[in-house]
Amino acid sequence: MRKQMTPQEFRQHGHAVIDWVARYMENVEKFPVTPTAVPGEIADSLPELAPEAGEDFAALLADLDRVVMPGITHWQSPNWFAYFPANVSGPSILAELVSAGLGQQGMLWSTSPAATEIEAKVLDWLVDLMDLPQDWKSGGPGGGVIQMSASDATHAALVVARHLRREQAAVEDMVVYVSDQAHSSIEKGCTVAAIGHCRKIKVDQYYAMDPVDLENSIKADKSKGLLPIAVVSAIGTTATTAVDPLESIADISARHSLWHHVDAAYAGTAMICPEFRRYQPDLERVDSYTFNPHKWMMVNFDCNVLWVGNRKPLIDTMSILPPYLRNKATESGAVLDYRDWHVPLGRRFRALKLWWVLRYYGASGLRAMVRDHVALAGEFANRINQDDRFELFAPHPFGLVCFGRVEGNEATRKLADDLNASGRVAVTPSRINDQWFIRVSVGQTHTRSEHIEKLWQLIEQLSI
Ligand SMILES: *Cc1c(COP(=O)(O)O)cnc(C)c1O
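Going letter by letter, the sequence shown gives residues 13 to 476 in my numbering.
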């Protein structure tokens, strides 16, 4: 007899799993934020071979505590200030469970009408919530699509830019422009797309792209016989959340017929609040825009959104129609088939968690979260500013504060190491040119004022 898990057994084990996760939520603050596991330690506690006979579910659950937990980095601790947040929430976790239970493959409208139509509608909602151009809605010339990551979205945008210019130059002679602070995913996207050059443009004193250097680089490349095809602006760079000057870049991009892609992976979430929209003027002149609800919007990884102002070039680039995918709905032209919007064919029902988060918290709940985090970051920055042992390294428009010790690199790096070694918080040391700084990113779902207070006390203790 083949082993099965019956619905009744699933129900019973499922209750135990939900209890386990709820207990984790209650206790997450009690663990050291980063694990003490050494390389190989977790792997060594697993048997050499996969089990021949199936095991009891209870044994699987027990090994969560025994094997898994010692190797878990607690991204969901409210004392998590490292990298950017990857925050989650109850409604999102439960939606992941339902999505797994339904096991959809939404590559075509006809393979999951609900997954397709809810995705399109929820991304249309976000267009209004973030005050993005109306053309980006699914009823207009543009549209949005959920992808796995901002890296995938940016890669897709660059492939479209390349496709549009395919008759004008060889790929080796094509050039994409980014600031020297842009995320590595853009350079990687160029590499994967075999685009010849990824030109790094200088930044100003606030780490934002210098449009004069952009214009000069484009002209220099053209005079060498190269073909500029795209520019990527950042709203919120990874190192310091610098904001590139979108209007000037849009002017240059129009002048040289470039595809203009915006990477707002982290900061996009803030655009739900009107007060942050001054950082993204002129979006009508942008060709594509990506942000990660899986960073700061309480939606579990993975959930990235890519919008395009015009979906035709994207679909022209990505669409290949073998006979086995032909169907009436597609041929009627009345539906979206999201397989034509990215590299993968198969796709899971990720819109469900976005939908549930938007409905459970409402726009007002999301705005309150963003504003709380940004205010806490501001509170922390004030402490840094008022203490002559420390200095701010960069402006803090969102929830990230970058600071260092006034004594310089060595003291700054030591402070970062000591903070992380304490197990009570996690921060990220980083460097621009030869200057080190510490990134404190406030954005875990449950981070409150008391956690900032404890962080500050620890910094004080470690800085005498
Ligand atoms: C995090 C980040 C990315 C990469 O996001 P993934 O979804 O992990 O690929 C890209 N750009 C910026 C600015 C980021 O902060």
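Every residue gets a Cβ at the ideal spot worked out from N, C-alpha and C, and that includes glycine.
| Nearest to A393 (by Cα), restricted to the options A433, R451 and V347 | Taking the sequence shown and counting its residues from 1, one reaches residue 393 at position 381. The candidate whose alpha carbon is nearest that of A393 is R451.
| query | For ligand 1, any of its heavy atoms closer than 7 Å to the Cβ of Y218? | reply | Numbered from 1 along the sequence shown, position 206 holds the residue referred to as residue 218. For Y218, the shortest separation between its Cβ and any heavy atom of ligand 1 does not lie below 7 Å.
| query | Going along the chain, which residues of its own chain have a beta-carbon closer than 7 Å to the beta-carbon of R289, five neighbours each way excluded? | reply | Numbered from 1 along the sequence shown, position 277 holds the residue referred to as residue 289. Excluding residues up to 5 positions away in sequence, D143 and M283 lie with their Cβ nearer than 7 Å to the Cβ of R289 in the same chain.
| task | Could you tell me which of T46, M13 and G152 sits nearest to V437, measuring between CA atoms? | result | On the sequence shown, position 425 is the one that residue 437 refers to. Ranking the options by Cα distance to V437, first place goes to T46.
| Any heavy atom of ligand 1 closer than 7 Å to the CB of N316? | Taking the first residue of the sequence shown as position 1, residue 316 is located at position 304. Checking the Cβ of N316 against ligand 1 gives yes.
| said: Rounding to the nearest angstrom, what Cα-Cα distance links T457 and R35 in this structure? | reply: Counting from one through the sequence shown, the residue named residue 457 turns up at place 445. Counting from one through the sequence shown, the residue named residue 35 turns up at place 23. Between T457 and R35, the C-alpha separation is close to 16 Å.
| field | Neighbourhood of W468 by C-beta, 8 Å cutoff - its chain only, sequence neighbours within 5 removed | value | Indexing the sequence shown from 1 puts residue 468 at position 456. F392 and R395, listed in sequence order.
| query | What residue does the alpha helix (DSSP H) around K426 start on, and which one ends it? | reply | Position 414 of the sequence shown, counting from 1, holds the residue named residue 426. Residues N421 to A433.
| task | Output the distance between the C-alpha atoms of D225 and I213, rounded to the nearest integer angstrom. | result | Locating residue 225 in the sequence shown gives position 213, where the first residue counts as 1. Locating residue 213 in the sequence shown gives position 201, where the first residue counts as 1. Distance between the alpha carbons of D225 and I213: 6 Å.
| field | Residue(s) in a DSSP beta bridge with M17 | value | Taking the sequence shown and counting its residues from 1, one reaches residue 17 at position 5. In the DSSP output, where bridge partners are listed per residue, M17 has none listed.
| message | Report the CB separation of Y350 from R360 in whole angstroms; it is logged as a contact under 8 Å. | response | As a position in the sequence shown, residue 350 is number 338, starting the count at 1. As a position in the sequence shown, residue 360 is number 348, starting the count at 1. About 11 Å separates the CB atoms of Y350 and R360; that is not less than 8 Å, and the two are not in contact.
| task | Using 10 angstroms around the beta-carbon of A380, count the other beta-carbons present and answer buried if the total reaches 16, otherwise exposed. | result | Position 368 of the sequence shown, counted from the start, is the residue given in the question as residue 380. It is exposed - the Cβ of A380 has fewer than 16 other Cβ atoms within 10 Å.
| said: Just to confirm before moving on: does the CB-CB distance between A205 and H167 stay below 8 Å? | reply: Taking the sequence shown and counting its residues from 1, the one referred to as residue 205 is at position 193. Taking the sequence shown and counting its residues from 1, the one referred to as residue 167 is at position 155. Result yes, Cβ atoms of A205 and H167 sit closer than 8 Å.
| Are S376 and D352 closer than 8 Å when you measure CB to CB? | Walking along the sequence shown from the start, residue 376 turns up at place 364. Walking along the sequence shown from the start, residue 352 turns up at place 340. In this structure, D352 does not lie closer than 8 Å to S376 by Cβ.
| request: Within 10 angstroms of the Cβ of T48, are there 16 or more other Cβ atoms? Answer buried if so, exposed if not. | output: In the sequence shown, the residue the question calls residue 48 occupies position 36. With fewer than 16 other Cβ atoms within 10 Å, it is exposed.
| query | CB of A277 to nearest heavy atom of ligand 1: below 7 Å? | reply | Taking the sequence shown and counting its residues from 1, one reaches residue 277 at position 265. At least one heavy atom of ligand 1 lies closer than 7 Å to the C-beta of A277.
| query | Is the beta carbon of A162 within less than 7 Å of some heavy atom of ligand 1? | reply | In the sequence shown, the residue the question calls residue 162 occupies position 150. Result yes, Cβ under 7 Å from ligand 1.
| Just reading off the alpha helix (DSSP H) that E465 is part of, what are its end residues? | As a first step, residue 465 is located in the sequence shown; it is residue number 453 there, counting from the start. Going by DSSP, E465 is part of the alpha helix (DSSP H) stretching over S461 to Q473.
| query | S245 and V274: beta carbons closer than 8 Å? | reply | By 1-based counting over the sequence shown, the position of residue 245 is 233. By 1-based counting over the sequence shown, the position of residue 274 is 262. Result yes, Cβ atoms of S245 and V274 sit closer than 8 Å.
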